[in-house]
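Q: Counted from 1, the sequence shown has number 269 at position 146 by this note's numbering; the numbering is strictly sequential. Positions of the beta carbon are idealized from the N, C-alpha and C atoms, including for glycine.
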Amino acid sequence: MPETTPDTTRDSVAALLTSLPERICDVIKPWSECSPERPALMDTSGTWTYLQLAVAVSDTKNWLLNAGVRPGDRVMIVCENCRAFVAILLALAEIDAWPVLVNARLSARELDGIRDHCGARRVIYTTSVSVQAREHAKRHGAAIQDAAGLGPIAVGPLNERVEPEPVDAKAEQRVAALLYTSGTTGLPKGVMLTHRNLLFVAAVSAKIRSLSPEDRLYGVLPMSHAVGLSIVMLGSLLSGATLYLAPRFDPVATLATLERERLTVVLGAPSMFSLFADYAKLKGVKTLAFPSLRIISSSGAPLQPALKAQVESLFGMTLYNGYGVTECSPNISQAVVGERRTDTSVGRILAGVEVQLVGPDQKPVPDGEVGELWVRGPNVMKGYYRAPEETAEAISPEGWFNTRDLARLENGYLFIVGRSKELIVRFGENVYPAEVEAVLNAHPAVLRSAVIGRTVEGTQGGEEVIAYVQLKSSAPTSESDLAQYAAQHLAPYKRPSHILLVASMPLTPTGKIVKAELAKLAPVADTR
């Protein structure tokens, strides 16, 4: 049976949905009127109050209209976090254009593919905070201008060959952001997230963390991705809090900001917290004390138990965890604030969201057993852009979205086991890569690992387990040492057939390993 919102919360979820603004651009209006002088956004170039942010959005809207942007147009923003990005995003929402959010650190091939697929009317580049954005702008022949008081911004030529998309009659159902998936399992797809999708997750996440105007959040997660966009940026502005924007993570600068600005909430990727731990070890620091800090939370990639324990010891507080996918705006589950767990649970299902776990026979599996995770709720995307067949494959007629992740539920807590496409069948037994990776990552010399399956022709074993391992620079070890370690902690059929040491892993901007690229790093040896 589907796991649903308890009866006691359905009324509150309905009330929350009714209270949401129609569009993401509306989140700042109440605060610009009742708390106009409250700081809304801060970055290295300065501060905007809520009133100044509202004025900047209005001026940017007029500039975009004069630049030929129409309702339904796709406008690509090649960006890193800064105040100008937020103003452009909210101004596009005011126009009912579609912001296409692209991390400036993507390669030229990836970025150009997205631009061509979405049919961008204009491309805008946040050149003041991003070397990569400047390089893309130069490559595209974009002109740098100081528009609407945003500082140096590069603007590409007008594409007059594209037509606008129809504007939905219901404002909350219009596309608020077009995000392209990282492509870890194939070609990137354009995920159409509506205003309702993003604001629902922003509001629920903010409620879980009890965000208020007194909070000061650190905005280092890329806002070209769903977590940074909905949970960090929109969750902060919806709550009247102050958001400190950083285009990229630097442990020294982050620690200085934490102390100087008395930040209360820090959301980051596991790779960020790993760098915190490495920096502290390098400096001989055992504890980090920030009296104002009340929440640290990890998202964007799997959080390994060893890293979680290390960070919790360093900060003296719980490192919370959550789970989501871009198509769900992105959160599906979130750890309960105030509750400390030592296992790998990604928390409870968000209020207002339903999930069901389905077995190979397409029937629900019992509690505690592994099944494919399906999700239904206000967080589920509108669909994939210009891909009706893929949308139909992903979302059932009843509104259930197939995450293609394998998971289990235990007493209401969700555990992610792995990707259904990554499941390895060896000697008739299921091997979940995440389980093998967790063991390898617990080795003190391992920075990160990734496990994939490879078909073995002419054998009865089906597939073999291949492990790619990146070591910490200060802790060398060998493949044979790792193999012995794995043998101590894994059943024989789960043990890697081959372990390959690599200098670095191909990562997405949010720290996920791109497994499709692993086979290109180096050939797998014939012996362990």
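1. Following the continuous beta strand (DSSP E) through methionine 504, name the residue where it begins and the one where it ends.
2. What span of residues does the alpha helix (DSSP H) with proline 153 cover, start to end?
3. On the criterion of 16 or more Cβ atoms from any shown chain inside 10 Å, does lysine 505 qualify as buried, or is it exposed?
4. So who's on the other strand from leucine 301, going by DSSP bridges?
5. Do you know whose CA, among Lys293, Ile455 and Ser422, lies nearest glutamate 145's CA?
6. When the Cα atoms are used, what is the spatial distance from glutamine 268 to alanine 590?
7. To the nearest angstrom, report how far apart lysine 528 and leucine 537 are at their CA atoms.
8. Is it the case that the Cβ atoms of alanine 458 and glycine 445 are separated by a distance below 9 Å?
9. Distance check for valine 355 and cysteine 205, CA to CA, integer angstroms please.
10. When DSSP builds the beta bridges, which residues end up paired with proline 275?
11. Which residues in the same chain have their Cβ closer than 8 Å to the Cβ of glycine 491, if we skip the five residues on either side of it in sequence?
12. So which of Tyr616, Leu623 and His348 has the shortest CA-CA distance to arginine 549?
13. Could you give the distance in angstroms between the alpha-carbon of valine 343 and the alpha-carbon of leucine 281?
14. Residue range of the beta strand (DSSP E) that glutamine 479 falls in?
15. Where do the ends of the beta strand (DSSP E) carrying phenylalanine 413 lie?
16. If I measure Cβ to Cβ from proline 656 and keep anything under 7 Å in the same chain, skipping five residues before and after, which residues do I get?
17. Just confirm the distance between the C-beta atoms of serine 168 and glycine 274, as a whole number of angstroms; I'd bet it's less than 8 Å.
18. Looking only at DSSP bridge pairs, what is glycine 423 linked to?
19. Leaving aside the five residues before and after leucine 301 along the sequence, list all residues of the same chain whose C-beta is less than 8 Å from its C-beta, in chain order.
20. Relative to the C-alpha of isoleucine 518, which candidate in Leu496, Gly535 and Ile539 has its C-alpha closest?
21. Taking the beta carbon of alanine 364 as the centre, do at least 16 other beta carbons fall within 10 Å, making it buried, or is it exposed?
22. Are there three or more Cβ pairs, one per stretch, closer than 8 Å when the segment 258-266 is compared with the segment 335-349?
23. Could you give the distance in angstroms between the alpha-carbon of methionine 440 and the alpha-carbon of isoleucine 419?
24. May I have a chain-ordered list of the beta strand (DSSP E) segments no shorter than 3 residues that lie completely inside the segment 160-197?
25. Nearest to lysine 638 by CA position, among Leu594, Leu570, Val574 and Phe399, is which residue?
26. Can you give, in chain order, each stretch of the beta strand (DSSP E) that sits fully within the segment 600-630 and has at least 3 residues?
27. Can you tell me whether aspartate 166 is buried or exposed? The criterion is at least 16 other CB atoms within 10 Å of its CB, across all chains shown.
28. Is leucine 352 near serine 359, with beta carbons less than 9 Å apart?
29. Compute the distance between the beta-carbons of valine 469 and serine 456, then report whether it is under 9 Å.
30. Rounded to the nearest angstrom, what separates tyrosine 248 and leucine 357 at their Cα positions?
31. Identify, in the order they occur along the chain, each residue of the same chain with its Cβ nearer than 8 Å to the Cβ of threonine 380, setting aside the five sequence neighbours on each side.
32. Note down the Cα distance separating glycine 195 from serine 155, rounded to an integer number of angstroms.
33. Mark glutamate 512 as exposed unless 16 or more other C-beta atoms lie within 10 angstroms of its C-beta, in which case mark it buried.
34. For cysteine 205, does the three-state DSSP call read helix, strand or coil?
35. Is there contact here, the segment 593-604 with the segment 406-418, by at least three beta-carbon pairs under 8 Å?
36. Entirely within the segment 336-422 and at least 3 residues each: give me those beta strand (DSSP E) ranges in chain order.
A: Inspection of the coordinates gives the following:
1. Unbroken run through methionine 504: none, as it is neither H nor E.
2. 152-157
3. buried
4. Val223 and Met315
5. Lys293
6. 49 Å
7. Per the sequence shown, residue 528 should be read as aspartate rather than lysine. For aspartate 528 and leucine 537, the distance between alpha carbons rounds to 12 Å.
8. yes
9. 13 Å
10. Asp269
11. Arg531, Leu532 and Glu533
12. Tyr616
13. 31 Å
14. 477-481
15. Unbroken run through phenylalanine 413: none, as it is neither H nor E.
16. Residue 656 lies beyond the stretch modelled for the chain, which goes from 124 to 651, so this question has no answer here.
17. 7 Å
18. DSSP lists no partner for glycine 423.
19. Arg197, Trp221, Pro222, Val223, Leu224, Cys241, Gly313, Val314, Met315, Leu316 and Tyr508
20. Leu496
21. buried
22. no
23. 8 Å
24. 162-166 and 169-172
25. Val574
26. 621-624
27. buried
28. no
29. yes
30. 21 Å
31. Tyr341, Tyr367, Ala369 and Leu386
32. 27 Å
33. exposed
34. coil
35. no
36. 339-342, 365-368, 388-391 and 418-421
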